[in-house]
Amino acid sequence: MSLRAYALFAQLVWLACWAGAQLLVERMGPAMLPVSLYAFTVGYAALAGVALPLWGARRYGLRLSAPTAGGRRGAGIAALTVAVLAGLFGSGAAQQVVAEPPSGAVLVKYFFLFAPMAAGITLHAFFLLPRGLAGPQDHLRPTTLALAVGVSALSVGAGFWADQLFRSVDLAGVQLVLGLFLGLGAALSRSALWTYFAYLLIMQFNTLEEAKYFDFPWAPLVAGFIVSTAALVAYGAATARTRTRRPPGS
Numbered sequence: 090m091s092l093r094a095y096a097l098f099a100q101l102v103w104l105a106c107w108a109g110a111q112l113l114v115e116r117m118g119p120a121m122l123p124v125s126l127y128a129f130t131v132g133y134a135a136l137a138g139v140a141l142p143l144w145g146a147r148r149y150g151l152r153l154s155a156p157t158a159g160g161r162r163g164a165g166i167a168a169l170t171v172a173v174l175a176g177l178f179g180s181g182a183a184q185q186v187v188a189e190p191p192s193g194a195v196l197v198k199y200f201f202l203f204a205p206m207a208a209g210i211t212l213h214a215f216f217l218l219p220r221g222l223a224g225p226q227d228h229l230r231p232t233t234l235a236l237a238v239g240v241s242a243l244s245v246g247a248g249f250w251a252d253q254l255f256r257s258v259d260l261a262g263v264q265l266v267l268g269l270f271l272g273l274g275a276a277l278s279r280s281a282l283w284t285y286f287a288y289l290l291i292m293q294f295n296t297l298e299e300a301k302y303f304d305f306p307w308a309p310l311v312a313g314f315i316v317s318t319a320a321l322v323a324y325g326a327a328t329a330r331t332r333t334r335r336p337p338g339s
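If you read the sequence shown in my numbering, its first letter stands for residue 90, the second for the next number, and so on.
Here's what the structure looks like:
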């Protein structure tokens, strides 16, 4: 299977798991929330969201942070900064959270819930899919840069359309616009890590402002976080082994 085919396959699996997990939470209701949340945090966020694209990155030799010219990286970080400012202050989330700060326990709970989810969105929408369709080369031409940015925006928009079980496009539209800036930042900076930090910041503040998940049980959130972290550690260990096996100068 080519990188392009794998990226498309992983995208479809990820979207299907996202919608499926949301549907399961809805159908099983509040009484079964501790059970259905495992499908969301472990099945969707950790396995489909994090492990699947990391396996592809390992299989096809993609680097989470690739070298690029200093000017391009600076422009990419500037685009990510614009996305963060728009995501935090344009929505009013930052002002609301500062005015009514959550407790430390809530902050930790939200980190366990949304850190893996943000990682999955970053790895699929801003890393694997644009690299798969636009190419993994470090110096993108204007046409491939535009393709990478457009693909990223459509991917994150489709993800949040699936999140709403395809009933509403309002949130998907907002995420699509943010995805243009985040996708540009990811493509120029060539750094999935910087993109992840930017997206996690946006997601944390906006979900804290909504105050919808304060009562979620801890166990499924911790389980999803552990599985996601294990996938990242396994990827890092495998990448380190590959580097040590390379002959000098390769």
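Here a beta-carbon is modelled for each residue, glycine too, at the ideal position from N, C-alpha and C.
Could you give the distance in angstroms between the alpha-carbon of residue i and the alpha-carbon of residue j?
i	j	result
V186	D252	23 Å
D304	L267	28 Å
M147	Y199	First, the residue type needs correcting, since residue 147 is Arg and not Met in the sequence shown. So the two alpha carbons sit approximately 29 Å from each other.
A108	F98	16 Å
M206	L136	11 Å
A158	F203	32 Å
V102	A120	28 Å
A155	Y285	15 Å
Y95	E189	44 Å
G132	Q111	11 Å
Comparing C-alpha positions only, which one of the options sits nearest to residue i?
i	options	result
R116	A329, L234, L254, V173	L254
G150	L217, L289, L290, G246	L217
G145	H213, R256, E298	H213
G179	Q264, S317, A275	Q264
Is it buried or exposed, residue i, if we count other Cβ atoms within 10 angstroms and call 16 or more buried?
i	result
R220	buried
M292	buried
G338	Reliability of the predicted coordinates at G338 is poor, the pLDDT of 41 falling under 50, and no value is obtained from them.
A320	buried
P142	buried
L262	Strictly speaking, residue 262 in this sequence is Gly, with Leu absent from that position. Under this definition G262 is an exposed residue.
A300	exposed
S192	exposed
Which class does residue i belong to by DSSP, given the choice of helix, strand or coil?
i	result
S154	strand
S91	coil
P336	Residue placement at P336 is poorly supported in this model, since its pLDDT is 48, which falls under 50; the coordinates still yield a value, given next. Coil.
L278	Checking the sequence, you will find Ser at residue 278 rather than Leu. DSSP places S278 in helix when its eight states are reduced to three.
Q185	helix
D304	coil
L229	coil
Q111	helix
Tell me whether the region 270-288 and the region 307-314 touch, counting them as touching only if at least three CB pairs, one residue from each stretch, are closer than 8 Å.
no
Does the region 236-245 come within contact of the region 114-128, defined as at least 3 CB pairs closer than 8 Å?
Look at the beta carbons and you see the region 236-245 not touching the region 114-128: under three pairs across the two are nearer than 8 Å.
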